[in-house]
Amino acid sequence: MAEKVCRKCMRLINGDTCEICGSNDLADEWMGLVVVIDPMKSEIAKRMNIDLADKYALKVR
Numbered sequence: 001m002a003e004k005v006c007r008k009c010m011r012l013i014n015g016d017t018c019e020i021c022g023s024n025d026l027a028d029e030w031m032g033l034v035v036v037i038d039p040m041k042s043e044i045a046k047r048m049n050i051d052l053a054d055k056y057a058l059k060v061r
């Protein structure tokens with residue numbers, strides 16, 4: 001099963017709804033991958049307003 005991206009929080013998910021924000025507005029087409037391991041130390045996570053370690057898309061269509 002291909003991973004989808006939540007359009008609201010940009011998080012990659014496998015289900016039909018985002019477990020973090022509860023949104024079901026998902027996209028099949030996305031570009032770029034950011035893996036955040038430690039959001040408190042990550043400059044990229046701070047710029048993207050990410051506070052949970054996970055996989056995120058850079059661009060969603």
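Take the sequence shown: its position 12, counting from 1, is numbered 12 in the UniProt record's numbering, and each next residue is one higher.
Don't be surprised by glycine CBs; every beta carbon is placed ideally from N, CA and C.
- By the neighbour-count criterion, in which 16 or more other beta carbons inside 10 Å mark a residue as buried, Val35 falls on the exposed side.
- In the same chain as Trp30, and ignoring 5 residues on each side of it, the C-beta atoms closer than 6 Å to its own belong to Val5, Ala57 and Val60, in chain order.
- For Lys46, the enclosing alpha helix (DSSP H) stretches over residues Glu43 to Arg47.
- Taking Ala53 as the centre and dropping the five residues before and after it, the same chain places the C-beta of Val36, Ile37, Asp38 and Pro39 closer than 8 Å to its C-beta, in chain order.
- Burial is judged here by how many other beta carbons sit within 10 angstroms of a residue's own beta carbon; Cys21 has fewer than 16 and is exposed.
- Around Gly32, the same chain offers Ala57, Leu58 and Lys59 as residues with beta carbons nearer than 7 Å, after the five sequence neighbours per side are excluded.
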